[in-house]
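Participant: Before I ask anything, here is the structure I am working with.
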Amino acid sequence: MLKWLSPIFLSVLLAGCEDPNWHTSDISDIMPELDLSLMNENGQQVEEDAYIGKTTLLYFGYTHCPDVCPTSLARMTAAIKKLDEPARDDIQVLFVSVDPERDTPARLRQYTDVFGPQFIGLTGSTAQLDALTNRYRVSYGYGEKDENGNYDVSHSSGIFVFNEQGDARLLMRNSDPIPSMVSDLQRLMERG
Amino acid sequence: MVNKLRIGAMTRARGKWACGLLALLLTGGMAQAQDLSLKDARLSLLPGDMPGAGYFSLHNDSPENVTLVGAQSDAFKNTEIHMSMEKDGMASMHAVPEIDIAAGERFEFAPKGYHLMFMHRVAPLEVGDDIEVVLRFADGQQLPAIFEVVSPAAMH
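If you read the protein sequences in the order shown, they are chains A and B. Mapped onto our numbering, the consecutive letters of the first sequence carry residue numbers 412 to 603. Mapped onto our numbering, the consecutive letters of the second sequence carry residue numbers 288 to 443.
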């Protein structure tokens, strides 16, 4: 009887851990709060305190990425446009380039401007980028240069979402539909 | 009489030309490559010399299999066929030398998958422009098509 009950008990217990109201993945207990040291689009060194006070989306990419990065950023643009107008000022997207060799502050500004006023470009030294990517357990890497000097960069594809205090809350994946992202962002912005 | 004949010949020539133009219009810019056509051809444009992406649906309505081996546009120095992949939360991209499209099949170039990568822009381009891109096939066929230049913010 106990043997038969335990899997049910266990599944009820596990279900209790997961908040059924989030559509994307809850990372509150597994990821640390926002902590970064990088260079912004104006070439200034910044820390996480510059971004506390707004709901923050963190994405790693590079500007010589014509397909995956713009598509992911466009999904965020579409989700942000679905929020009420005042809420759109309370959200920001940190686009962290893991390709500092090509992505200068000026280029990052040009790139993020395409997607909306909420988008902020950041990059940094290898040590700074490694500290941040290690913190969120993601990685990046470079392919070989071709005869024109072009190279591909591999990078994580998820979006880390932090509340306005900078606590890690959600991970949004490319497979999450835009309405799920909108619903979770609204809920996070209301309740923190 | 001589004049009349001349007019007749001219009208026929004009008719031929008009027929050709009509065929060109009906087949959506398909000139050399019969039975091959592109639909929804778009070029997602990034600013400066950042590379753009080309998306379309390639229809092979011919009885033969075809192999796409490349593409070219006067607005960019290099154009390559690329494929994006996502595995274990990591996104990567690599060049693809050729793509086979079987007779009667269609092949999608779409966001987060196959795309043309347009590199090193050499002509000014703006969202809303139309540009010609020529697709090249292994058997020597060339398929010119018009791509609409769109904002990447609209591609999701």
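We put the CB at the ideal spot given by N, CA and C, even for glycine.
Using a 10 Å radius around the Cβ and a threshold of 16 neighbouring Cβ atoms, would you call V468/B buried or exposed?
Facilitator: Chain B is shown from 288 up to 443; residue 468/B falls before or after that span and cannot be answered.
Participant: Between the Cα of E373/B and those of K556/A, E601/A, S565/A, spot the shortest distance and give me the residue it belongs to.
Facilitator: It is S565/A whose Cα lies nearest to the Cα of E373/B.
Participant: Using C-beta distances below 6 Å, list every residue in its chain close to G552/A, excluding the 5 sequence neighbours before and after it, in chain order.
Facilitator: Excluding residues within five positions, the ones whose Cβ falls inside 6 Å are S565.
Participant: From L505/A to A358/B, what distance separates their C-alpha atoms?
Facilitator: Cα to Cα, L505/A sits roughly 34 Å from A358/B.
Participant: How long is the line joining the alpha carbons of D557/A and A382/B, rounded to whole angstroms?
Facilitator: Between D557/A and A382/B, the C-alpha separation is close to 11 Å.
Participant: Would you call E392/B buried or exposed, if buried means 16 or more other Cβ atoms sit within 10 Å of its Cβ?
Facilitator: Burial call: exposed.
Participant: When the Cα atoms are used, what is the spatial distance from Q336/B to V525/A?
Facilitator: Checking the displayed sequence, the identity of residue 336/B turns out to be Asp instead of Gln. Those two C-alpha atoms are separated by around 14 Å.
Participant: So, with DSSP's three-state summary, where would you put E601/A?
Facilitator: DSSP places E601/A in helix when its eight states are reduced to three.
Participant: Looking at the structure shown, is M442/B part of a helix, part of a strand, or coil, going by DSSP?
Facilitator: Here M442/B sits in coil by DSSP.
Participant: How would you write the range of the beta strand (DSSP E) that L332/B sits in, first residue to last?
Facilitator: Unbroken run through L332/B: none, as it is neither H nor E.
Participant: Using only CA atoms, which one of N559/A, Q576/A, N451/A, S586/A lies nearest to S439/A?
Facilitator: Here the closest residue by C-alpha is Q576/A.
Participant: Give a yes or no on whether the C-beta atoms belonging to Q503/A and Q529/A are separated by under 8 Å.
Facilitator: Cβ atoms of Q503/A and Q529/A: closer than 8 Å.
Participant: Give me the chain B residues within the contact set of D541/A, using Cβ-Cβ distance strictly less than 9 Å, ordered along the chain.
Facilitator: Those do not exist, as D541/A stays about 16 Å from chain B at its closest Cβ, beyond 9 Å.
Participant: Hey, how far is the Cα of D595/A from the Cα of C480/A?
Facilitator: Distance between the alpha carbons of D595/A and C480/A is about 21 Å.
Participant: Less than 8 Å between C-beta atoms, sequence neighbours within five positions excluded: which residues of the same chain meet that for R499/A?
Facilitator: Result list for R499/A: I491, K492, Q529, in chain order.
Participant: Distance check for D510/A and L412/B, CA to CA, integer angstroms please.
Facilitator: L412/B and D510/A: Cα-Cα distance of roughly 25 Å.
Participant: In this structure, does DSSP put M487/A in helix, strand or coil?
Facilitator: Three-state DSSP puts M487/A in a helix.
Participant: Measure the beta-carbon distance from Y462/A to L445/A and round it to whole angstroms, keeping in mind my assumption that it falls under 8 Å.
Facilitator: So it is a contact: roughly 7 Å between Cβ atoms.
Participant: Can you check whether the C-beta of N347/B is within less than 8 Å of a C-beta belonging to chain A?
Facilitator: Not one chain A Cβ lies under 8 Å of N347/B.
Participant: With H, G and I counted as helix, E and B as strand and the rest as coil, what does DSSP make of S371/B?
Facilitator: Looking at S371/B - three-state DSSP - the assignment turns out to be strand.
Participant: Output needed for G315/B: all residues of its chain with C-beta closer than 6 Å, excluding positions within five of it in sequence on either side, in chain order.
Facilitator: For G315/B, the predicted structure reports a pLDDT of 43, less than 50, and the residue's modelled location is therefore unreliable. A value from the coordinates is still provided. S324, listed in sequence order.
Participant: Can you confirm whether G376/B, when its beta carbon is compared against all beta carbons of chain A, has any partner nearer than 8 Å?
Facilitator: Yes - at least one Cβ of chain A is within 8 Å of the one on G376/B.
Participant: Does any residue of chain B bring its CB to less than 8 Å from the CB of S565/A?
Facilitator: True, the Cβ-Cβ gap to chain B drops below 8 Å.
Participant: Does the Cβ of G603/A have 16 or more other Cβ atoms within 10 Å, making it buried, or fewer, making it exposed?
Facilitator: That one is exposed.
Participant: T544/A by DSSP, collapsed to three states: which one?
Facilitator: T544/A: helix per DSSP, three-state reduction.
Participant: Return the chain-ordered list of same chain residues with a C-beta closer than 8 Å to the C-beta of V289/B, the five sequence neighbours on each side being excluded.
Facilitator: With a pLDDT of only 40 at V289/B, under the threshold of 50, the placement of this residue in the model should not be trusted; the figure read from the coordinates follows. Nothing listed; no residue qualifies.
Participant: Looking at the C-beta of N352/B, does it have a partner C-beta in chain A at a distance below 8 Å?
Facilitator: No, because no Cβ of chain A sits closer than 8 Å to the Cβ of N352/B.
Participant: If you pair each beta-carbon of the stretch 531 to 538 of chain A with each one of the stretch 451 to 466 of chain A, do three or more pairs fall below 8 Å?
Facilitator: Touching, yes, given that three or more Cβ pairs across the two stretches are closer than 8 Å.
Participant: Shortest alpha-carbon distance to D382/A belongs to which of Y562/A, N574/A, D501/A?
Facilitator: Because chain A here runs from 412 to 603, residue 382/A falls outside it and cannot be looked at.
Participant: For chain B, check one thing: does any of its Cβ atoms lie closer than 8 Å to the Cβ of P516/A?
Facilitator: Cβ-Cβ to chain B under 8 Å: no for P516/A.
Participant: Does E367/B pass the burial test, meaning 16 or more other C-beta atoms within 10 Å, or should it be called exposed?
Facilitator: Result: buried.
Participant: How about S360/B: is its C-beta nearer than 8 Å to some C-beta of chain A?
Facilitator: Judged by the 8 Å Cβ criterion, S360/B is not in contact with chain A.
Participant: What residues are listed by DSSP as bridge partners for D437/A?
Facilitator: Answer by DSSP bridge pairing, in chain order: L581/A.
Participant: So, using beta-carbon positions, are S349/B and M442/B closer together than 8 Å?
Facilitator: Not in contact: S349/B and M442/B (Cβ atoms no closer than 8 Å).
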